[in-house]
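K.L.:
My structure is below; once you've seen it, I'll send some questions.
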Amino acid sequence: MSKVTLNPLKIFDMKDHVVVILNSPSIWSEVWKQIWNDSRINVCADGAANKLMEMTKHGDYKMPKKIVGDFDSINKGTKEYFIEQGVSLIHVPDQNSPDILKSLKNALIDADIDKHEYVVILGGLCGRLDHTFQTVSILIRFYKEYQLDNVFVYDGCNLLTIINEGETELDFSDHPEFLTKMCGVIPICQRETIVTSTGLQYDMDSRQLAFGHLVSSSNRIMEDKVTIKTNAPANQTFDHCISYVNSL
Numbered sequence: 003m004s005k006v007t008l009n010p011l012k013i014f015d016m017k018d019h020v021v022v023i024l025n026s027p028s029i030w031s032e033v034w035k036q037i038w039n040d041s042r043i044n045v046c047a048d049g050a051a052n053k054l055m056e057m058t059k060h061g062d063y064k065m066p067k068k069i070v071g072d073f074d075s076i077n078k079g080t081k082e083y084f085i086e087q088g089v090s091l092i093h094v095p096d097q098n099s100p101d102i103l104k105s106l107k108n109a110l111i112d113a114d115i116d117k118h119e120y121v122v123i124l125g126g127l128c129g130r131l132d133h134t135f136q137t138v139s140i141l142i143r144f145y146k147e148y149q150l151d152n153v154f155v156y157d158g159c160n161l162l163t164i165i166n167e168g169e170t171e172l173d174f175s176d177h178p179e180f181l182t183k184m185c186g187v188i189p190i191c192q193r194e195t196i197v198t199s200t201g202l203q204y205d206m207d208s209r210q211l212a213f214g215h216l217v218s219s220s221n222r223i224m225e226d227k228v229t230i231k232t233n234a235p236a237n238q239t240f241d242h243c244i245s246y247v248n249s250l
């Protein structure tokens with residue numbers, strides 16, 4: 003299996019990516035607006051539509067291409083507003099699929115993507131803990147279906163991605179100042195997870211990670227390039243420097 007190289011910090015200054023925005027108590031910051039407005043395809047989960055309406059009116063957020071979900075959260079006035087703006091409303095009543103998965107799948111319908119496409123999910127990591135676990139679970143499921151390497155979740159404080167089986171190089175050389183350097187490697191599959199790393203303060207050498215055993219939290223990035231080798235998907239988290247990113 004060949005080594006995969008990820009550049010997580012590209013999401014802060016890239017163009018023409020795919021973005022999904024979720025209902026979230028996170029602050030809808032200038033960074034969120036930049037990521038949203040610079041996208042080529044942007045989809046709003048219906049739970050975030052009421053807030054997005056406010057932000058399109060008063061916060062300079064551009065219109066979404068689609069709003070997707072079972073529409074149990076969107077207000078009537080919000081629906082009417084977006085219909086008047088020419089936004090497609092995609093009703094997906096399937097209760098076995100959360101809105102994040104429905105939105106991701108619909109975002110890719112119109113995207114001519116390859117495995118290197120950047121997909122950014124705004125929100126989904128704070129607020130209710132069950133929603134956070136759902137977000138992590140969907141990332142694994144989404145990778146299995148689409149084999150996309152560059153899928154990131156950003157909530158304003160945390161940047162998260164999935165490290166899949168094999169060897170992954172994480173390149174932070176573009177904007178190392180964006181990070182506080184704090185990070186974690188969290189086992190998330192219900193099977194044995196063996197991890198080897200380089201470039202971290204507390205590197206692992208074929209260490210087993212498991213809940214109830216060892217979890218690599220409060221680790222620190224020590225080099226511009228970090229490698230993670232794992233036999234099962236693991237959750238890689240990064241803590242970003244809020245004051246620096248908000249100055250962009």
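First residue of the sequence shown: 3, per this note's numbering; consecutive thereafter.
No residue lacks a Cβ here, since even glycine has one placed at the ideal position from N, Cα and C.
#1: Kindly indicate if chain B contains any beta-carbon less than 8 Å away from that of Ser4.
#2: From Asn108, Glu82, Trp30, pick the residue whose C-alpha is nearest to that of Val20; which is it?
#3: Could you tell me which of Gln203, Lys227, Ile196, Pro189 sits nearest to Gly214, measuring between CA atoms?
#4: Which stretch, first to last residue, makes up the beta strand (DSSP E) that contains Ser219?
#5: Less than 8 Å between the C-beta atoms of Phe84 and Ile102, yes or no?
#6: Determine the burial state of Ile224: buried for a count of at least 16 other Cβ atoms within 10 Å of its Cβ, exposed for fewer.
#7: How long is the line joining the alpha carbons of Thr2 and Leu162, rounded to whole angstroms?
#8: Residues in the same chain with beta-carbon distance under 7 Å from Asn237, minus the five sequence neighbours each way, listed in chain order, please.
#9: Less than 8 Å between the beta carbons of Ile123 and Val22, yes or no?
#10: In or out: Asn98 buried (at least 16 other Cβ within 10 Å) or exposed?
#11: Once you ignore the five residues that flank Pro178 on each side, which residues in its own chain have a CB closer than 7 Å to its CB?
#12: Identify every residue that forms a DSSP beta bridge with Asn160.
#13: Which of the three DSSP states, helix, strand or coil, is assigned to Asn98?
#14: Check whether the Cβ of Glu171 sits closer than 7 Å to any heavy atom of the ligand NAP, and report yes or no.
#15: May I ask you to report which of helix, strand or coil DSSP gives Ala234?
#16: With DSSP as the reference, label Leu24 as helix, strand or coil.
#17: Do Leu24 and Ala50 have their C-beta atoms closer together than 8 Å?
#18: Confirm, please, whether the CB-CB distance from Thr170 to Thr229 is below 8 Å.
#19: In chain order, what are the residue ranges of uninterrupted alpha helix (DSSP H) at least 4 long that sit wholly in the stretch 54-139?
#20: CA-CA distance, Glu119 and Lys104?
#21: Provide the residue(s) that pair with Ile190 in DSSP beta bridges, ordered along the chain.
#22: Since I believe Asp157 is in contact with Gly126 (beta carbons under 8 Å), could you give me their beta-carbon distance rounded to a whole number of angstroms?
P.N.:
Judging by the given coordinates:
#1: No chain B is present in this structure, which holds just one protein chain.
#2: The shortest Cα separation from Val20 among Asn108, Glu82, Trp30 belongs to Asn108.
#3: With distances taken between Cα atoms, Gly214 lies closest to Pro189.
#4: Run containing Ser219: 218-222, per the beta strand (DSSP E) assignment.
#5: The criterion of a C-beta distance shorter than 8 Å is not satisfied by Phe84 and Ile102.
#6: Residue 224 is actually Met in this sequence, not Ile. Its Cβ having fewer than 16 others within 10 Å, Met224 is exposed.
#7: Because the chain here runs from 3 to 250, residue 2 falls outside it and cannot be looked at.
#8: Val138, Leu162, Ile164, Ile188, Ile190, listed in sequence order.
#9: Cβ atoms of Ile123 and Val22: closer than 8 Å.
#10: Answer is exposed; the Cβ neighbour count stays below 16.
#11: Cβ-Cβ distances below 7 Å link Pro178 to Asp226 in the same chain, with the five nearest sequence neighbours on each side left out; the list follows chain order.
#12: BP columns for Asn160 point to Asp241.
#13: The answer is coil: DSSP assigns Asn98 none of H, G, I, E or B.
#14: Questions concerning the ligand NAP fall outside what the structure shown contains, since it holds no ligand whatsoever.
#15: In the three-state reduction of the DSSP assignment, Ala234 falls in the coil class.
#16: Under the three-state reduction of DSSP, Leu24 is assigned to coil, being neither helix nor strand.
#17: The answer is yes: Cβ separation under 8 Å.
#18: Yes; because the gap between Cβ atoms is below 8 Å, this pair is in contact.
#19: With a minimum length of 4 residues, the unbroken runs of alpha helix (DSSP H) contained wholly in the stretch 54-139 fall at 78-86, 101-111.
#20: The straight-line gap separating the alpha-carbon atoms of Glu119 and Lys104 is approximately 18 Å.
#21: Residue pairing by DSSP places Ile190 opposite no residue, since no beta bridge is assigned to it.
#22: The C-beta separation of Gly126 from Asp157 comes to about 7 Å, placing the pair in contact by the 8 Å criterion.
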